[in-house]
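Residue numbers (the numbering used here): 5 to 323.
Each residue gets a CB set at the ideal place from its N, CA and C atoms; glycine is no exception.
In what follows, a structure is listed as structure tokens, so that the remarks can point back to it.
Now the structure itself:
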């Protein structure tokens, strides 16, 4: 193979070792650089796609293999057409990812096919069509044979009525509409001095049998870098806890489209902010939600990539 990989060291850092002995690191410790060595990130079904929208550099990091792969190089080297379509090197107009869980019932069975859609700057809001994105990607295969594959936007252009891909676009646009309504609802209940940046509800918990809707956490990030935690009981939002959490080093977020909140487990999420050098891990384990760890992005992918876009695919960890 001629594409570049970056293996991640497996030794535990001294800082985290101390954390194991003393319990969860306190808020002052969050200002230190934490690495990707936390035991919480092993056996994790999660892949992250990092992109620099200026250079077109694109890496995928897999928490299970603990390797980063240059996705453009891998696409170029591939003999699969669906994998070649992931190459974005030299492309301009790169904007952000839309994360689409695509849960649906097929012949009486609930199916999920986690997808990410790489948008271009032609898209601002509302319904998506073929002119608005570069690729729609999801995994093909299982186990060692699993690989990220893509559909290019032209596969969704000028389709005849009734085509299956039109039904897919309709599901995507329904998801986008529901997400916009969620963010509108949460923006209305934030403190008066806060402005909504991004909202997230875990789609796996939302579709998990036995999980009540009023138990779902609504992760609500503001443009000042605060994270609030709400629940929705019959249309009435209330705080899960009285305290908010802050993302260390973040005082203002300019481009909320580029922000990603994605599941780590039933109890927590990763947060990506384009101006940050860290990935933030917020969770709770029998206590209030808090900033558990900051993971240096250059411990996941090569230094110097400086991504301002991140996509996330995978269920994370069962809890």
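*Report all residues from its chain with a CB closer than 7 Å to the CB of residue 145; omit the five preceding and five following residues, and keep chain order.*
Taking residue 145 as the centre and dropping the five residues before and after it, the same chain places the C-beta of 151 closer than 7 Å to its C-beta, in chain order.
*What is the rounded straight-line gap between the Cα of residue 283 and the Cα of residue 84?*
Residue 283 and residue 84: Cα-Cα distance of roughly 32 Å.
_Whether residue 286 touches residue 277 by CB criterion (8 Å)_ = Cβ distance not < 8 Å, so residue 286 and residue 277 don't count as in contact.
*Between the segment 166 to 175 and the segment 215 to 229, do at least 3 Cβ pairs fall closer than 8 Å?*
Not touching, per the Cβ criterion.
_Going by beta-carbon coordinates alone, are residue 89 and residue 106 separated by less than 8 Å?_
Not in contact: residue 89 and residue 106 (Cβ atoms no closer than 8 Å).
*Throw me the rounded Cβ distance for the residue 305 and residue 63 pair, which I believe falls under 8 Å.*
The Cβ separation is near 4 Å, so the contact holds.
*How many Å lie between residue 320 and residue 166 at the Cα?*
If you draw a straight line from the Cα of residue 320 to the Cα of residue 166, it is about 34 Å long.
*Spatial neighbours of residue 322 within its chain, please: CB distance less than 8 Å, with the 5 preceding and 5 following residues excluded, ordered by chain position.*
Answer for residue 322: 269, 270, listed in chain order.
*Comparing the CB of residue 303 with every heavy atom of the ligand GDP, is any distance shorter than 7 Å?*
You won't find the ligand GDP in this model; it holds no ligand whatsoever.
*Using CA coordinates, which residue listed in 57, 60, 65 is at the minimum distance from residue 302?*
Comparing Cα-Cα distances from residue 302 to each of 57, 60, 65, the minimum goes to 65.
_Check whether residue 194 and residue 226 have beta carbons under 8 Å apart_ = Closer than 8 Å, so yes.
*Best match in 294, 266, 311, 289 for proximity to residue 51 [C-alpha to C-alpha]*: Closest by alpha carbon: 266.
*Flag this pair as touching only if the segment 242 to 257 and the segment 305 to 314 have three or more C-beta atom pairs under 8 Å; answer yes or no.*
Output reads no: the segment 305 to 314 does not touch the segment 242 to 257.
*asked:* Output needed for residue 310: all residues of its chain with C-beta closer than 7 Å, excluding positions within five of it in sequence on either side, in chain order.
replied: 56, listed in sequence order.
_Coarse secondary structure for residue 111, derived from DSSP in three states_ = It is coil, neither helix nor strand.
*Going by C-alpha distance, which of 263, 272, 143, 292 is nearest residue 280?*
Here the closest residue by C-alpha is 263.
*Going by DSSP, what residues sit across from residue 136 in a beta bridge?*
According to DSSP, residue 136 bridges with nothing at all.
*Taking the alpha helix (DSSP H) that residue 319 falls in, what are its first and last residues?*
Secondary structure note for residue 319: it is in no alpha helix (DSSP H), and the uninterrupted beta strand (DSSP E) holding it is 313 to 320.
*Would you mind working out which of 142, 250, 175, 134 sits nearest residue 162, comparing C-alpha positions?*
It is 134.
*Out of curiosity, what's the CA-to-CA distance linking residue 49 and residue 207?*
Looking at the two C-alpha atoms, the distance is approximately 15 Å.
*asked:* To test your reading of the DSSP string, which unbroken beta strand (DSSP E) runs of 3 or more residues are found completely within the segment 241 to 280?
replied: Taking only runs of at least 3 residues, the beta strand (DSSP E) segments lying wholly in the segment 241 to 280 are 264 to 269, 272 to 276.
*Thinking C-alpha only, which one of 184, 121, 129, 128 is nearest residue 138?*
Looking at the Cα atoms, 121 is the closest of the given residues.
_Taking 8 Å as the threshold (C-beta atoms), are residue 142 and residue 313 in contact?_
The Cβ atoms of residue 313 and residue 142 lie no closer than 8 Å to each other.
*asked:* Once DSSP output is grouped into helix, strand and coil, what is the label at residue 30?
replied: Unreliable positioning characterises residue 30 in this predicted model, as indicated by a pLDDT of 38, which lies under 50. The coordinate reading is nonetheless provided below. DSSP places residue 30 in coil when its eight states are reduced to three.
_Suppose only complete runs of 3+ residues qualify. What are the beta strand (DSSP E) ranges in the segment 129 to 183, listed by chain order?_
Fully enclosed beta strand (DSSP E) runs of 3 or longer: 137 to 144, 151 to 156.
*For residue 192, which beta-bridge partners are listed by DSSP?*
For residue 192, DSSP records no beta bridge to any residue.
*residue 299 versus residue 72: straight-line alpha-carbon distance, rounded*: Approximately 15 Å between the Cα atoms of the pair.
*asked:* Quick check: residue 235 and residue 222, are their CB atoms within less than 8 Å of each other?
replied: It is a contact, given that the beta carbons lie within the stated cut-off.
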